[in-house]
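Here's the structure, in structure tokens; my notes come after.
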Amino acid sequence: GPGARAARLRISVVNIGGRVLASLEAEGSWTKRDICARIPGLAEVPTAAAHLFNAGTELAAELTLQAAGVPDGAQLQLLLDARGAGTLLTSSIDGTVKLWSPESGECIRTIPAHDRGVTSASFSPSGVLMLTTSIDRTAKLWEAETGECLRTFKEHEEIVRCGAFSPDGELALTGSRDRTARLWRVGSGEVVRTFRDHNSEVCAVAFCFDGTQALTSSTDYTARLYALDSGACLHILKGHTSPVTSVTFSPDGSLLLTTSVDSQARLWGAATGEFLRSFEHNGGVSSGAFSPDGACIVTGVWDATARLWDAETGRALRTIGPHEADVEALAFSPDGERLLTGSADNTAKLWDVASGRCLLTLSGHSKGLRSVAFAPPLRGLRELE
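If you want it as structure tokens, here you go:
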């Protein structure tokens with residue numbers, strides 16, 4: 015009845031990797047805040063950044079364990095949203111990945127991720143996980159908030175050059191100097207499919223927004239578009255005269271962008287694979303991206319700058335930079351208003367796209383950068399489903 019003391023419950027809290035964080039004798043009247051206060055190391059984390067799940071359903075902040083129907087002996091899963099700091103992510107040939115504040119430019123965490131250079135680092139769509147790839151021939155899965163390594167993927171036989179999460183966060187695609195791209199399950203590490211069509215190193219991989227297609231590029235001067243359900247190669251994009259350094263889909267999936275050492279970026283139709291337009295540069299092009307609205311393209315150039323283009327007309331809009339060495343990687347912020355560039359000069363820089371003004375310089379890596387990323391905007395935590 016009213017005022018009756020809620021029963022005590024034995025509960026355990028685990029992270030996404032299954033590690034037990036706390037075993038608690040809980041009161042039925044406890045809420046999420048009461049539980050989080052008793053997990054070692056969580057005192058500094060804002061309660062809003064902690065998400066607790068009981069059998070796949072998130073516990074509402076104000077709901078008591080009793081009201082939520084949490085049974086005795088329950089195992090709750092804790093997911094920490096690393097975006098409390100609106101995090102920026104960089105990877106470097108120095109073997110580390112770093113998380114930074116986009117407000118202050120302060121380095122929030124350094125993860126000694128691999129024994130050798132880190133060739134790429136990316137956030138999962140929920141921002142909870144990170145994927146890194148390395149010269150050490152492995153890819154690794156991390157919990158972004160704690161920097162804990164959850165899985166090491168060892169299927170490649172050579173340097174792993176690139177990696178990406180599928181839009182639902184359930185699959186990862188990695189590309190290697192062993193000439194393969196491998197599609198694997200994030201939850202188990204099991205290889206779903208191996209693509210062996212390139213006859214040289216796989217340089218870059220990307221997923222379409224709906225997860226049905228993927229792009230790969232290679233030092234064999236081509237890019238390939240695949241249907242993921244069947245593994246069929248839909249189109250081979252031929253026309254570059256040097257290694258193809260990056261590939262990306264437009265936000266709606268209708269266009270494909272490739273960049274190359276041959277000083278060109280090229281736009282292709284996804285449905286037909288036909289070549290539409292080239293963007294000429296005075297140096298090799300390391301990277302390319304579409305703005306979130308698809309109206310602009312940005313390219314990273316081996317002349318220490320980034321170039322902004324009108325995607326529809328091909329008109330050059332602005333040169334952003336310079337760095338003190340080649341631009342190796344770039345990414346648009348989710349709102350499209352800022353650009354993050356990573357350079358061989360060991361720094362990343364945050365730019366205002368409209369004015370081209372440098373807002374922050376992120377210094378701390380001891381070798382050149384290979385990838386940069388913005389944490390995604392908060393959208394449900396799909397990795398659990």
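To convert, note that position 251 of the sequence shown is 265 in this note's numbering; the numbers rise steadily by one, no gaps. Built from N, CA and C at the ideal position, the CB exists for glycine as well.
Presumed contact (8 Å Cβ cut-off) between residue i and residue j, rounded CB distance
{"i": "residue 196", "j": "residue 169", "result": "6 Å"}
{"i": "residue 210", "j": "residue 193", "result": "7 Å"}
{"i": "residue 102", "j": "residue 388", "result": "6 Å"}
{"i": "residue 248", "j": "residue 239", "result": "5 Å"}
{"i": "residue 86", "j": "residue 38", "result": "Contact flag wrong, Cβ pair sits at about 12 Å."}
Classification of residue i by the beta-carbon crowding that lies within 10 angstroms, buried from 16 upward
{"i": "residue 257", "result": "buried"}
{"i": "residue 46", "result": "buried"}
{"i": "residue 83", "result": "exposed"}
{"i": "residue 234", "result": "buried"}
{"i": "residue 64", "result": "buried"}
{"i": "residue 338", "result": "exposed"}
{"i": "residue 296", "result": "exposed"}
{"i": "residue 104", "result": "buried"}
{"i": "residue 252", "result": "exposed"}
{"i": "residue 244", "result": "exposed"}
{"i": "residue 152", "result": "buried"}
{"i": "residue 321", "result": "buried"}
{"i": "residue 25", "result": "buried"}
{"i": "residue 319", "result": "buried"}
{"i": "residue 213", "result": "exposed"}
{"i": "residue 49", "result": "buried"}
Cβ-Cβ distance between residue i and residue j below 7 Å
{"i": "residue 298", "j": "residue 316", "result": "yes"}
{"i": "residue 117", "j": "residue 30", "result": "no"}
{"i": "residue 309", "j": "residue 325", "result": "yes"}
{"i": "residue 281", "j": "residue 114", "result": "no"}
{"i": "residue 383", "j": "residue 356", "result": "yes"}
{"i": "residue 89", "j": "residue 28", "result": "yes"}
{"i": "residue 274", "j": "residue 259", "result": "yes"}
{"i": "residue 183", "j": "residue 138", "result": "yes"}
{"i": "residue 53", "j": "residue 35", "result": "yes"}
{"i": "residue 353", "j": "residue 362", "result": "no"}
{"i": "residue 178", "j": "residue 220", "result": "yes"}
{"i": "residue 293", "j": "residue 264", "result": "no"}
{"i": "residue 344", "j": "residue 312", "result": "yes"}
{"i": "residue 230", "j": "residue 267", "result": "no"}
{"i": "residue 70", "j": "residue 125", "result": "no"}
{"i": "residue 127", "j": "residue 146", "result": "yes"}
{"i": "residue 270", "j": "residue 284", "result": "yes"}
{"i": "residue 307", "j": "residue 370", "result": "no"}
Residue i versus residue j - alpha carbon distance
{"i": "residue 314", "j": "residue 301", "result": "5 Å"}
{"i": "residue 73", "j": "residue 204", "result": "30 Å"}
{"i": "residue 202", "j": "residue 225", "result": "19 Å"}
{"i": "residue 236", "j": "residue 149", "result": "22 Å"}
{"i": "residue 94", "j": "residue 142", "result": "6 Å"}
{"i": "residue 340", "j": "residue 218", "result": "18 Å"}
{"i": "residue 21", "j": "residue 391", "result": "39 Å"}
{"i": "residue 51", "j": "residue 40", "result": "12 Å"}
{"i": "residue 342", "j": "residue 140", "result": "25 Å"}
{"i": "residue 68", "j": "residue 91", "result": "7 Å"}
{"i": "residue 181", "j": "residue 222", "result": "8 Å"}
{"i": "residue 175", "j": "residue 385", "result": "11 Å"}
{"i": "residue 255", "j": "residue 277", "result": "9 Å"}
{"i": "residue 75", "j": "residue 185", "result": "30 Å"}
{"i": "residue 44", "j": "residue 32", "result": "23 Å"}
{"i": "residue 165", "j": "residue 129", "result": "15 Å"}
{"i": "residue 159", "j": "residue 135", "result": "15 Å"}
{"i": "residue 144", "j": "residue 327", "result": "35 Å"}
{"i": "residue 358", "j": "residue 106", "result": "9 Å"}
{"i": "residue 364", "j": "residue 215", "result": "31 Å"}
{"i": "residue 347", "j": "residue 272", "result": "20 Å"}
{"i": "residue 42", "j": "residue 155", "result": "35 Å"}
{"i": "residue 250", "j": "residue 228", "result": "12 Å"}
{"i": "residue 208", "j": "residue 163", "result": "24 Å"}
{"i": "residue 167", "j": "residue 206", "result": "13 Å"}
{"i": "residue 360", "j": "residue 191", "result": "24 Å"}
C-beta neighbour in chain B for residue i, strict 7 Å
{"i": "residue 239", "result": "Of the protein chains in the structure, only one exists, and it is not chain B."}
Are there three or more Cβ pairs, one per stretch, closer than 8 Å when the stretch 114-122 is compared with the stretch 71-82?
Contact annotation: the stretch 114-122 does not touch the stretch 71-82, with fewer than three C-beta pairs closer than 8 Å.
Hey, is the stretch 288-295 in contact with the stretch 331-350, meaning 3+ C-beta pairs nearer than 8 Å?
Short answer: they don't touch.
Three or more beta-carbon pairs under 8 Å between the stretch 105-114 and the stretch 365-384, yes or no?
Yes, they touch.
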